[in-house]
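First up is the structure itself, then whatever we jot down about it.
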Amino acid sequence: MEPILLPAHNPGPMTGSGNNTYLIPGRHGSATLIDAGVGEPQHLADLAAALGGGRLEAVLVTHGHRDHAAGAPAIAAAHPAASFRKRPWPDEDAQYVVPWRSLDEGDQVQVGDDVLTILHTPGHSPDHLAFWQESTRTIFTGDLVVQGSSVMIHWSRGGDLGQYMASLERLLTLNPLRLLPAHGPVIDDPQTIVAGYLEHRRQREQQVVAALSAGLATVQAITESIYDGLAPALMPAAQENVRAHLEKLKVDGRATDQDGRWTQ
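Per my numbering: the sequence shown = residues 28 to 291.
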């Protein structure tokens with residue numbers, strides 16, 4: 028059955044219009060929820076209305092960032108029979124006191140008459156998962172892509188740009204027809220959007236390399252040269268992205284770091 032979009036009602040500078048969660052109807056009135064939101068009362072009310080007296084069987088969480096996982100305790104209180112599943116990230120998971128069950132690469136979850144295959148897609152976070160519904164060629168992509176925007180790679184909290192780009196490449200190999208992201212609209216042209224994301228990252232890498240070639244040596248200086256005019260509130264996120272690019276260049280043997288000063 029077609030997933031039901033349930034907005035998490037948490038708009039903000041880093042979440043845009045807010046998170047998408049998806050309720051997948053199953054058998055005999057049961058259903059599975061993709062991502063937990065943040066526990067907003069309206070989200071809980073929307074979930075109850077969509078269930079229509081049915082039973083929430085499981086909550087599958089794409090990753091442990093707050094806007095995806097923090098609603099788990101409130102959902103657990105309202106739906107005590109539900110199980111909560113994600114790939115372990117102990118330091119993050121401990122913030123949300125529910126009995127987490129482990130999901131990982133290659134696992135399969137029965138959802139009604141269909142199956143979701145679990146894909147480990149790290150990079151945005153170390154625990155990030157996507158859920159592949161082969162029968163409809165649909166992927167629930169969490170924070171891998173956001174149409175019309177870019178995804179933050181929070182290096183200081185486990186982000187890894189090389190892994191992220193590999194995860195995007197993996198999406199392309201599945202040749203999906205549709206992506207259901209955790210932010211923004213449904214993506215009906217996955218190949219174009221994902222290829223565009225990869226090209227954007229390659230162009231950003233070229234900008235970082237050019238800044239290094241020009242003698243800029245700190246994350247702050249490189250960020251200010253690339254993101255000239257960016258709102259101050261967004262500058263910390265931009266610095267995280269630049270640091271992620273520099274760390275990728277270091278892994279690739281194209282940059283070195285000496286006490287916070289970067290060179291080629």
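We put the beta carbon where it would ideally sit given N, CA and C, even for glycine.
Are there three or more Cβ pairs, one per stretch, closer than 8 angstroms when the segment 148-155 is compared with the segment 176-189? The segment 148-155 vs the segment 176-189: in contact.
Under a three-way DSSP split, which group does Ala63 fall into? The sequence position of residue 63 within the sequence shown is 36, counting from 1. Of the three classes helix, strand and coil, the one that applies to Ala63 here is coil, per DSSP.
Backbone CA spacing between Leu130 and Gln160 [nearest angstrom]: Stepping through the sequence shown from its first residue, residue 130 is reached at position 103. Stepping through the sequence shown from its first residue, residue 160 is reached at position 133. Rounded to whole angstroms, Leu130 to Gln160 spans 16 angstroms at the Cα level.
Please look up how many angstroms separate the CB atoms of Gln266 and Gln291, rounded, as I've assumed it's under 8 angstroms. As a position in the sequence shown, residue 266 is number 239, starting the count at 1. As a position in the sequence shown, residue 291 is number 264, starting the count at 1. So it is not a contact: roughly 20 angstroms between Cβ atoms.
Best match in Ala271, Val125 and Ala72 for proximity to Thr245 [C-alpha to C-alpha]: The residue you call residue 245 lines up with position 218 of the sequence shown. Residue Ala271 is the option with its Cα nearest to Thr245.
Smallest Cα separation from Arg82: which of His95, Asn46 and Ala105? Indexing the sequence shown from 1 puts residue 82 at position 55. Arg82 has its Cα closest to that of Ala105, out of His95, Asn46 and Ala105.
At least three beta-carbon pairs within less than 8 angstroms, the segment 154-172 to the segment 211-231: yes
Answer with buried or exposed for Val278, where buried requires no fewer than 16 other C-beta atoms within 10 angstroms of its C-beta. The count along the sequence shown starts at 1 and reaches residue 278 at position 251. Result: exposed.
Among Leu50, Ala35 and Pro52, which residue has its Cα nearest to the Cα of Ser44? Position 17 of the sequence shown, counted from the first residue, corresponds to residue 44. In terms of CA proximity to Ser44, Ala35 leads the group Leu50, Ala35 and Pro52.
Looking at Asp215: is its Cβ nearer than 7 angstroms to the Cβ of Arg205? Reading the sequence shown from its first residue, position 188 is the one you call residue 215. Reading the sequence shown from its first residue, position 178 is the one you call residue 205. The answer is yes: Cβ separation under 7 angstroms.
In angstroms, rounded to a whole number, what distance separates the CA positions of Pro280 and Gln234? For the purposes of this step, residue 280 is taken as residue 253 along the sequence shown, with counting starting at 1. For the purposes of this step, residue 234 is taken as residue 207 along the sequence shown, with counting starting at 1. Sequence inspection shows Gly at residue 280; the Pro mentioned does not correspond to that position. Cα to Cα, the separation comes out at about 17 angstroms.
Local conformation of Trp159 per DSSP, three classes: Looking up residue 159 in the sequence shown gives position 132. Reduced to three states, the DSSP call for Trp159 is strand.
Report buried or exposed for His92, applying the criterion of at least 16 other Cβ atoms within 10 angstroms of its Cβ. Taking the first residue of the sequence shown as position 1, residue 92 is located at position 65. Its Cβ being crowded by 16 or more others within 10 Å, His92 is buried.
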